[in-house]
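Below: the structure, in structure tokens.
2 protein chains.
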Amino acid sequence: MLETERHRIILSAVQERPVVTVADLCALTGVSEATVRRDIAQLHIAKKLRRVRGGAEAIAPPQFVGINARPFAVSQAINIAEKRAIAQAAVDLCEDGDAIIINGGTTTFQMVHPLTTKRLQVFTNSFPIAEHLLKQSRNTVMLPAGAIYREQNIILSPFDDDGSNHFYARRMFMGCRGLGPLGLMEGDPLLVQAEQKLIDQADDLVVLADSSKFSRRSSLLLCPLTRIHTVITDDGIEDRAASMLEAAEIRLIVAEVAASDRQKRAEE
Amino acid sequence: MLETERHRIILSAVQERPVVTVADLCALTGVSEATVRRDIAQLHIAKKLRRVRGGAEAIAPPQFVGINARPFAVSQAINIAEKRAIAQAAVDLCEDGDAIIINGGTTTFQMVHPLTTKRLQVFTNSFPIAEHLLKQSRNTVMLPAGAIYREQNIILSPFDDDGSNHFYARRMFMGCRGLGPLGLMEGDPLLVQAEQKLIDQADDLVVLADSSKFSRRSSLLLCPLTRIHTVITDDGIEDRAASMLEAAEIRLIVAEVAASDRQKRAEE
DNA sequence: CGATTATGATTGAAATTGATTGACTTTGGC
DNA sequence: GCCAAAGTCAATCAATTTCAATCATAATCG
Numbered sequence: 001m002l003e004t005e006r007h008r009i010i011l012s013a014v015q016e017r018p019v020v021t022v023a024d025l026c027a028l029t030g031v032s033e034a035t036v037r038r039d040i041a042q043l044h045i046a047k048k049l050r051r052v053r054g055g056a057e058a059i060a061p062p063q064f065v066g067i068n069a070r071p072f073a074v075s076q077a078i079n080i081a082e083k084r085a086i087a088q089a090a091v092d093l094c095e096d097g098d099a100i101i102i103n104g105g106t107t108t109f110q111m112v113h114p115l116t117t118k119r120l121q122v123f124t125n126s127f128p129i130a131e132h133l134l135k136q137s138r139n140t141v142m143l144p145a146g147a148i149y150r151e152q153n154i155i156l157s158p159f160d161d162d163g164s165n166h167f168y169a170r171r172m173f174m175g176c177r178g179l180g181p182l183g184l185m186e187g188d189p190l191l192v193q194a195e196q197k198l199i200d201q202a203d204d205l206v207v208l209a210d211s212s213k214f215s216r217r218s219s220l221l222l223c224p225l226t227r228i229h230t231v232i233t234d235d236g237i238e239d240r241a242a243s244m245l246e247a248a249e250i251r252l253i254v255a256e257v258a259a260s261d262r263q264k265r266a267e268e
Numbered sequence: 001m002l003e004t005e006r007h008r009i010i011l012s013a014v015q016e017r018p019v020v021t022v023a024d025l026c027a028l029t030g031v032s033e034a035t036v037r038r039d040i041a042q043l044h045i046a047k048k049l050r051r052v053r054g055g056a057e058a059i060a061p062p063q064f065v066g067i068n069a070r071p072f073a074v075s076q077a078i079n080i081a082e083k084r085a086i087a088q089a090a091v092d093l094c095e096d097g098d099a100i101i102i103n104g105g106t107t108t109f110q111m112v113h114p115l116t117t118k119r120l121q122v123f124t125n126s127f128p129i130a131e132h133l134l135k136q137s138r139n140t141v142m143l144p145a146g147a148i149y150r151e152q153n154i155i156l157s158p159f160d161d162d163g164s165n166h167f168y169a170r171r172m173f174m175g176c177r178g179l180g181p182l183g184l185m186e187g188d189p190l191l192v193q194a195e196q197k198l199i200d201q202a203d204d205l206v207v208l209a210d211s212s213k214f215s216r217r218s219s220l221l222l223c224p225l226t227r228i229h230t231v232i233t234d235d236g237i238e239d240r241a242a243s244m245l246e247a248a249e250i251r252l253i254v255a256e257v258a259a260s261d262r263q264k265r266a267e268e
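Going line by line, the protein sequences match chains F and H.
Residue numbering for the first sequence follows UniProt numbering, beginning at 1 and increasing consecutively.
Residue numbering for the second sequence follows UniProt numbering, beginning at 1 and increasing consecutively.
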């Protein structure tokens, strides 16, 4: 990992939320605390961020859309370490030049940090993801037409023909509300609409689902398991859930949660 | 392998991704590290890329969007008082509930401030306008499909059928590069494309043009004067320009520049 | 053919990184 | 308010990586 890459990731993380801890940045960059501290000190001198005890904060208050919005913020906080590890594993699947689709959601949003060091074509219906990638990375960003829904933070057109169907990608990344034998469940009808629009624009459907998602159910079935190509989850997944995916011939990727974060989680 | 050949490969690699390591470039070019380093040093001096420890990166770091972006920022500063007054007059034409289209540009961007207190349906191809309205107002925000162009800060689809044609509005607001007898002139081909897409989606075309625009010309003609319904300008407009608009039966609104700002302008 | 230039290898210098240590700060309980 | 515990930080050092300088060889040019 080059120094400039780390700096990009750190700045990206600092923009996302009011403060980031040194441990957060270690997990995000994969380097030691000492290096993160040195980087923060450098960026502080360069006035790219403000150094505070325990971590760093953005130099300017202007925040991204939705991160401060209530519904986004609360689910943002839970299982953050797992989501980060899963998102990292998702980005690891991509190579520079790839065209991908990222569906809106708090898990998929975590992909923006590792994405800052990539150069992809990203099609997303998530306004915060688009905004972040636009400001913090050199990726090409493409959007569907539609109205921006504030609560869900997604762009959704009321029309079937909204131009998004011109964009095809190798992979589509999406989160979900729950993942069971019936298939992929979603909680919000609006999200179902948005996801169904995109789901046929990609060859492989990659689902990002932390291990808690396997025990959650919902009333809205988005698609059957057979449509899913890959599931990325954390190492808290139970054997039963793994067997279910295996039976459906779904590729399973288990992301390792960073040790520092794991400890933190165990203590809580 | 010729030197110029290597340089081409190196530059291309740097453009493709945010950073490349020396090892990457060795593999790509098949030459030794020493040569790659020498090449990077050369290109660094020639300002074709930036040399960083471990490799090289593109010379222009991720361009930031919005009012801080360079190309945006410079034109943002000039005639700011006039632009504000014009934008205010433009927003005064709107009533809560109206559906309007706002084309991207620095003059039209000034509309976001008076718009914060309104409740309109705003369709815009400008990412900064959408972002601002989303964060600072309760207006409904709608976007066309397409890629986000960083320099122009607009969203533009490469396809004719991009879903934006589902949105119709009473008025479309746009800026311009120049306004002459031939019609409305624009400076950037990309802007022409974006504007031509929208121009037929509204009944009335309202052009925001500060008085300096009447003496500017450009090579790209966007539409004839007859298509324009209203022009909003500042009180620096000359009689000759006003007569031209009158002859074309265009409604002319002259926005009063606030006294305090006028003074500021005089001082400069 | 000689001279100039480009290339690759070698080597020592310099910078970066991660771990360790001890000092300092904050937090929570009493 | 005081103390202990945990957390945070700066300084240091060793290991690694990266860089620059040098030199020998190969290629190019006049």
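Ideal placement from N, C-alpha and C gives every residue a C-beta, glycine not left out.
Since the model is a prediction, treat every value here as computed from it, not as a measurement.
An exposed status is given to H:Met1, since fewer than 16 other beta-carbon atoms sit within 10 Å of its beta-carbon. Closest option to H:Leu120, judged by alpha-carbon separation, among H:Gln110, H:Arg171, H:Asp160: H:Arg171. Per DSSP, F:Glu186 lies in no alpha helix (DSSP H); the unbroken beta strand (DSSP E) holding it starts and ends at 183-186. For F:Glu57, the enclosing beta strand (DSSP E) starts and ends at 55-58. The criterion of a C-beta distance shorter than 8 Å is not satisfied by F:Val257 and F:Asp239.
Excluding sequence positions up to five before and after H:Ile237, its CB lies within less than 6 Å of the CB of Ser211, all in the same chain and listed in chain order. In the structure shown, F:Ser126 adopts extended strand secondary structure according to DSSP, grouped into three states. Taking the C-beta atoms as reference points, H:Ala90 is found nearer than 8 Å to H:Leu208. Under the three-state reduction of DSSP, H:Ile199 is assigned to helix. The three-state reading of DSSP puts F:Val207 in strand, counting E and B together.
Within 7 Å of the CB of F:His166, the CB atoms of chain H belong to Phe159, in sequence order along the chain. Looking at the DSSP output, H:Gly180 bridges to H:Gly183. Assignment of beta-bridge partners to F:Tyr149 by DSSP yields F:Ile154. Residues of chain F whose Cβ lies closer than 7 Å to the Cβ of H:Glu57 are, in chain order, Thr4.
Nearest CB-CB separation between F:Ala247 and chain H: not below the 8 Å threshold. The beta-bridge partner set that DSSP reports for F:Thr140 consists of F:Gln121. Collapsing the DSSP output to three states places H:Phe214 in a helix. Annotated three-state conformation of H:Phe173 is strand, per DSSP.
Taking the beta carbon of H:Pro144 as reference, the chain F residues within 7 Å of it are Ala145, listed in sequence order.
Distance between H:Thr124 and H:Arg6, taken at the CA atoms: about 43 Å.
Proximity of H:Pro18 to chain F, defined by a Cβ-Cβ separation below 8 Å, is satisfied.
When secondary structure is reduced to three states using DSSP, H:Thr226 falls in the helix class. The beta carbon of F:Arg51 lies closer than 6 Å to those of Ile40, His44 in the same chain, with the five residues before and after it left out. At least one CB atom of chain H sits nearer than 8 Å to the CB of F:Thr140. For the C-beta of F:Gly97, the chain H residues within less than 7 Å are, from N- to C-terminus, Glu16.
H:Leu28 has a beta carbon lying at 8 Å or more from every beta carbon in chain F. Think of a sphere of 8 Å around the beta carbon of F:Ile228: no beta carbon from chain H falls inside it, the nearest being about 26 Å out. Per DSSP, the unbroken beta strand (DSSP E) holding H:Ala99 starts and ends at 99-102.
Its chain contains Glu82, Ala85, Ile86, Gln88, Ala89, Ile232, Thr233, Asp234, Asp235 as the residues whose beta carbon lies nearer than 8 Å to that of H:Ala255, once the 5 sequence neighbours on both sides are disregarded; these appear in chain order. Sorting F:Tyr168, F:Asp96, F:Ala242, F:Val192 by C-alpha distance to the C-alpha of F:Leu222 places F:Val192 at the top. Assignment of H:Ile253 by DSSP, reduced to helix, strand and coil, places it in the strand class. In terms of beta-carbon proximity, F:Arg119 lines the interface with chain H, with at least one pair separated by less than 8 Å.
Judged by pairs of C-beta atoms under 8 Å, the region 130-142 of chain F does not touch the region 174-182 of chain F, as fewer than three such pairs exist. Chain F places no beta carbon closer than 8 Å to that of H:Ile250, leaving this residue out of the contacts. Of the residues H:Ile10, H:Gly54, H:Pro18, the one whose Cα lies closest to the Cα of H:Thr29 is H:Ile10. Per DSSP, the unbroken beta strand (DSSP E) holding H:Arg51 starts and ends at 50-52.
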